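Before any comments, here is the structure.
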Amino acid sequence: MTLHLMSHALCPYVQRAAISLTEKGVAFERTTIDLANKPEWFLAISPLGKTPVLSVKDQSIFESAVILEYLEETQPTPLHPADPMTRAQHRGWIEFGSAILNDIAGFYAAKDATVFAEKISSLSAKFSRLEEQLEDGPYFAGDRFSLVDAVFGPVFRYFDTFDQIGDFGILPVNGKVQSWRLALAKRPSVRDAVSQSYPELLQTFLLNRKSHLSRIMAGANDAMNTSRM
Numbered sequence: 000m001t002l003h004l005m006s007h008a009l010c011p012y013v014q015r016a017a018i019s020l021t022e023k024g025v026a027f028e029r030t031t032i033d034l035a036n037k038p039e040w041f042l043a044i045s046p047l048g049k050t051p052v053l054s055v056k057d058q059s060i061f062e063s064a065v066i067l068e069y070l071e072e073t074q075p076t077p078l079h080p081a082d083p084m085t086r087a088q089h090r091g092w093i094e095f096g097s098a099i100l101n102d103i104a105g106f107y108a109a110k111d112a113t114v115f116a117e118k119i120s121s122l123s124a125k126f127s128r129l130e131e132q133l134e135d136g137p138y139f140a141g142d143r144f145s146l147v148d149a150v151f152g153p154v155f156r157y158f159d160t161f162d163q164i165g166d167f168g169i170l171p172v173n174g175k176v177q178s179w180r181l182a183l184a185k186r187p188s189v190r191d192a193v194s195q196s197y198p199e200l201l202q203t204f205l206l207n208r209k210s211h212l213s214r215i216m217a218g219a220n221d222a223m224n225t226s227r228m
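At position 132 of the sequence shown (counting the first as 1) the number is 131 in numbering that gives the first Met the number 0, and the numbers step up by one without a gap.
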């Protein structure tokens, strides 16, 4: 039985599901949804109009957290810890990862320098807290890849692009967070959760936001073009 993942090229929540499916060795197909022009058949299976949606035979599941839990309950290769307390704690850190994604969205959508700085401060504080939490690695809880890692792979992927735009001082320097980021970037399931065109698509998306960050990007592009003249 092949599962079907309703996807979007940039959605970090889709990436979570794709990473989990790949780690579990589950065959799946992806259908890319144009979220600016959602088809009626998609809205029929996604009440919130969001990706991801996982279709299993003639039934569908929406919301990434629910999809991850369904896969844990029905597929091999558990990505959650066996111990109930540790498993619950991991679920908490998954929610922490979602809070970081919300801040990232606020960071790239901020309309002015004040809100932009506030989001940098909030992100920096969260990653500093992560720095305190991390063990020796290479992954969140040591040697074993978990759902927390599946959640943070897409988080760190944003910074591959942000780092090309400027040094915003969000991630701790030369610490456990950076080591974790590098380990996740090398993981095939994380690397292959997006297409090769992802960096260019994200750059275009950010540049078109009409935000403080997009103005920084436009200024850098203008400066580069001027230097070439």
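C-beta: ideal position from N, C-alpha, C; glycine also.
Fair warning: this is a prediction, and the values are worked out from it, not measured in the lab.
Simplified DSSP state of residue i, which is helix, strand or coil
{"i": "Gly91", "result": "helix"}
{"i": "His211", "result": "helix"}
{"i": "Leu34", "result": "coil"}
{"i": "Phe204", "result": "helix"}
{"i": "Glu134", "result": "coil"}
{"i": "Met84", "result": "helix"}
{"i": "Gln14", "result": "helix"}
{"i": "Gly218", "result": "helix"}
{"i": "Ile169", "result": "coil"}
{"i": "Ser121", "result": "helix"}
Nearest-angstrom Cβ-Cβ length linking residue i and residue j, presumed shorter than 8 angstroms
{"i": "Leu67", "j": "Ser19", "result": "6 angstroms"}
{"i": "Leu78", "j": "Phe144", "result": "7 angstroms"}
{"i": "Leu9", "j": "Leu129", "result": "The pair is not a contact, with the Cβ atoms about 23 angstroms apart (cut-off 8 angstroms)."}
{"i": "Phe126", "j": "Pro171", "result": "6 angstroms"}
Under 8 angstroms between C-beta atoms of residue i and residue j
{"i": "Ala108", "j": "Ser210", "result": "yes"}
{"i": "His3", "j": "Glu22", "result": "no"}
{"i": "Gly136", "j": "Ala184", "result": "no"}
{"i": "Val147", "j": "Gln74", "result": "no"}
{"i": "Gln202", "j": "Thr160", "result": "yes"}
{"i": "Leu122", "j": "Trp179", "result": "no"}
{"i": "Pro11", "j": "Leu70", "result": "no"}
Euclidean distance between Cα positions of residue i and residue j
{"i": "Ile60", "j": "Ala219", "result": "42 angstroms"}
{"i": "Ile164", "j": "Val13", "result": "25 angstroms"}
{"i": "Gly174", "j": "Met0", "result": "43 angstroms"}
{"i": "Ile169", "j": "Gln58", "result": "41 angstroms"}
{"i": "Lys37", "j": "Pro51", "result": "13 angstroms"}
{"i": "Leu42", "j": "Glu94", "result": "25 angstroms"}
{"i": "Pro198", "j": "Arg156", "result": "9 angstroms"}
Practice prompt. Would you be able to state if there are at least three C-beta pairs under 8 angstroms between the stretch 189-198 and the stretch 144-160?
Written response: Taking 8 angstroms as the limit for Cβ pairs, the verdict is that the stretch 189-198 does touch the stretch 144-160.
Discussion item. Within 8 angstroms, do at least three Cβ pairs link the stretch 115-131 to the stretch 98-106?
Written reply: With the cut-off at 8 angstroms, the stretch 98-106 and the stretch 115-131 touch.
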